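The listed protein sequences correspond, in order, to chains A and B. Going left to right, the first sequence walks through residues 1 to 397 as full-length UniProt numbering numbers them. Going left to right, the second sequence walks through residues 1 to 266 as full-length UniProt numbering numbers them.
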Amino acid sequence: MKRTVQESGVSHQRRAVIERDAVQALIDALGAEGYAVIGPRRRDGAIVYDPLTDAADLPWGWIDEQEGGRYRLHRDDRGAAFGHVVGPQSWKKYLYPPRQTLWTGRREGGGFTVETPQGPPPRYAFLGVRGCELAAIAVQDRVFGVVRHDGRSVGQQQYTDSGYAARRAAAFIVAVNCGRAAGTCFCDSIGTGPQAGPGYDLCLTELIGDGRHEFLVEAGSDRGAVLLDRLPARHAEGADLEAAAAVTEAARAGMGRRMEPDVAGLLARNLEHPRWDEVAGRCLSCANCTMVCPTCFCTTVEDTTDLTGDHVERWRRWDSCFTVDFSYIHGGSIRQGGASRYRQWMTHKLSSWYEQFGTSGCTGCGRCITWCPVGIDITEEARAIRASEGGASDGAD
Amino acid sequence: MARRKPKLAVWKFSSCDGCQLSLLDCEDELLAVAESVEIAYFLEATRVEIAGPYDLSLVEGSIGTPHDAQRIKEIRRKSKRLVTIGACATAGGIQALRNFRDVDGFIRAVYARPDYIDTLATSTAIQDHVTVDFELRGCPIDKGQLLEVLNAFLNGRRPVVPPHSQCLDCKLHGNVCIMVADGTPCLGPVTQAGCGALCPAHARGCYGCFGPKETPNTAALAKQLAALGCDARTIAESFRSFNANAKAFREEGDRWEAPAKQGLKP
């Protein structure tokens, strides 16, 4: 049931400040609303998104150092819960799971019956969604037909992925404004961060210093405002807002990388370019970049049977444009080598995605750079192609 | 009228038997397997031998002797479908390390009567000798994949055994990449998935048990292993294991072996 400010008759504060210890109250309040809280936790040398029930589960005092093909966690004496940036996983793990059952079938007599998975979607509360990630969810909202867009699929039938749509509608989003940037971050040049929004229910900014450790909490929806009302909080003063602005400004100033401006046009006019062969020499076509990308959505369909053939299942699982099977059609695979696969991925992500979905497919999170085992850098590839155009100015298209 | 059960045969060549034992490891599914096929030849399970032809032959092991090379041709003749299982059968196995050395020297060093030994100089995959319908990789094979191959055969469909990288499976499993997050050398980016991403889930680099993935870029990975601090010998040896004679691994091993002997980087 949706509650609004007007219906409840309470004047909800849209903004407040909570103490460090009130993060537990936030987690408890979400749990009381029936949400499974998912948030950042330290595991196997990285910050991953796992279920959490206790504020102590958060990676207090851990920050990440990221470069091409390199990720390390370090202790940081500021003790921030969200001092890290983004790790190897994204929220698509929950909104669009790696494996999904599409349907199951059972042979009965001379025919068969087909069943699709039933039941209510899981209700997740995502704690710690960054600006780039919020933007990535917005991109997938377009891809999966939750939000209409002006890409070329408009005018044709717009299909909605019902599973994604249900999980998305049920999800509560607690965003976090980044206070620092990793070496591989470039959200500022894409325009998706470091300040998060819009699209969150609540947004946290972690305020540390001068003997305090607090969070500015801003509500971005009515249900967010209702939840904020339940937390032990004080009014947000002007000084708090200034401190919060300084937090995101610090992240902006520390941004490790930037994407070339007008990269869509740049790539569109360089589909034939020696750089594709050059990068293919380094590319492992291992698919890591697409697996960690928060917007990559490609899947394949796999059928399983039991030994008798009486029971069959159809599964959808994450796939990648970097596999040879992905472009297989009758007679063989279209994209045999690394050059055509890398080109497909990069030009789709940064260029033809606009035509298809009316937006870029890249939100500047930098995961594809960090988690590429050989550190291939999408911003560097774009820069190299730009440089080859000599004096071509930005936006020459 | 009940369908005639397909006749299954399991053959052994130069191998450790571990892969065919994977079939017996299918404990929960073993009865269903036995009900679905007629086990016509499987010496690890039964002494009963039913004559061919066979609907499906599973072949374990590599070709290491002149006798092997003859016998596999006979088995191919009496098998409608022939599926090789395991790194020995699909790549020559760990015993293919002899392909890179002087076999006569080994024989003289090891055996009191070298003249008793009748061996080929190389250990090679079954597909180097006869036509193979499907290759199931692994050292050992994964029993889930073996069941999938049997399922696919019995139901007349293609097995779902994708040739993509180990990395893709690591990500599906939610494993944190140990090469990126810890600097641990790992063959995952050039190795075919199939084991369920076992080693990286336990903070060990992939050993390449399932052999080269489709279109592997071993040179790029080797360069990265060097950047992580591996010397030429370590890199050469990482490609010289259970799938040493698989083409991509053999060639990358060759590239690093000569410099390794001189203590150099290529």
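Glycine residues also receive a C-beta, built at the ideal position from the N, C-alpha and C atoms. These numbers were taken from a predicted model, which means no experiment stands behind them.
DSSP three-state assignment for residue i, whether helix, strand or coil
i	result
B/L23	helix
A/S327	helix
A/V147	coil
A/S162	helix
A/C289	helix
A/Q336	coil
B/I39	strand
A/P51	strand
B/Q224	helix
A/E206	strand
B/Q95	helix
A/G155	Its pLDDT being 49, under 50, A/G155 is placed unreliably in this model, and the value from its coordinates should be taken loosely. Three-state DSSP puts A/G155 in coil, outside helix and strand.
B/S15	coil
A/E313	strand
Top-ranked residue by Cα proximity to residue i, from the options
i	options	result
A/A245	A/C132, A/E67, A/T290, A/Q195	A/Q195
A/G375	B/K5, B/G93, B/P163, B/V180	B/V180
A/R316	A/L307, A/E302, A/T308, A/G238	A/E302
B/L23	B/P163, B/D133, B/I141, B/A40	B/I141
A/P373	A/C178, A/S285, A/S189	A/S285
B/A193	B/I107, B/V161, B/G253	B/V161
A/G69	B/R204, B/T65, B/G183, B/I50	B/G183
A/G111	A/H311, A/N177, A/W353, A/G366	A/H311
Closer than 8 Å to chain B by CB, residue i
i	result
A/M346	no
A/E302	yes
A/C283	yes
A/S340	no
A/C286	yes
A/V226	no
A/A46	yes
A/G332	no
A/Q100	no
A/M291	yes
A/Y124	no
A/L204	no
A/R70	yes
A/G309	yes
Any chain A beta carbon closer than 8 Å to residue i
i	result
B/C88	no
B/T215	yes
B/N151	yes
B/R113	no
B/C167	yes
B/A9	no
B/C177	yes
B/D182	yes
B/K171	yes
B/Q224	yes
B/L154	yes
residue 276 of chain B	Past the boundaries of the shown model lies residue 276 of chain B; chain B is included only from 1 to 266, so the question cannot be answered.
B/L136	no
B/H67	no
B/L221	yes
B/G253	no
B/V48	no
Proximal residues to residue i (C-beta, below 6 Å), its chain only, five neighbours per side dropped
i	result
A/V263	L350, A382
A/H213	R20
B/K5	V37, E38
Sequence-distant residues of its chain with Cβ nearer than 7 Å to residue i (five each side left out)
i	result
A/Y35	R123, Y124, A125, F172
B/P200	C170, N175, I178, C186, G188, C206
A/Q287	What sits at residue 287 of chain A in the sequence shown is Ala, not Gln. Counting only Cβ-Cβ distances below 7 Å, and skipping sequence neighbours, we find S320, F322, T323.
A/A166	P121
A/A135	T192, T363
A/R14	E218, A219, A225
B/P163	Q192, K213, E214
Cross-chain neighbours of residue i in chain D, by beta carbon under 8 Å
i	result
A/Y328	Looking for chain D here will not work: the only protein chains present are A and B.
Cβ shell of residue i (< 8 Å), same chain only, five flanking positions each side left out
i	result
A/P232	I18, E19, A22, A25
A/G155	The pLDDT assigned to A/G155 is 49, lower than 50, so where the model puts this residue is not dependable, and the model offers no usable value.
Inter-stretch contact at 8 Å, needing at least 3 Cβ pairs: the stretch 45-59 of chain A / the stretch 95-114 of chain A: They do not touch, by the three-pair rule.
Query - Cβ pair count under 8 Å reaching 3, the stretch 70-78 of chain B against the stretch 209-222 of chain B - result: no
Next on the checklist: When you compare the stretch 216-228 of chain A with the stretch 336-345 of chain A, are there three or more beta-carbon pairs, one atom per stretch, that lie closer than 8 Å?
Outcome noted: no
Problem - the stretch 321-337 of chain A in contact with the stretch 128-136 of chain A per 3-pair CB rule at 8 Å - result: no
| message | So, does the stretch 175-195 of chain A touch the stretch 253-268 of chain A, judging by three or more C-beta pairs under 8 Å? | response | yes
- prompt: Would you say the stretch 235-251 of chain B touches the stretch 92-106 of chain B, given that touching needs at least three Cβ pairs under 8 Å?
  reply: yes
Please determine if the stretch 77-96 of chain A and the stretch 269-287 of chain A are in contact, where contact requires at least 3 C-beta pairs separated by less than 8 Å. No: fewer than three Cβ pairs fall under 8 Å.
Taking 8 Å as the cut-off, does the stretch 83-97 of chain B touch the stretch 38-49 of chain B (at least 3 CB pairs, one atom from each stretch)?
no
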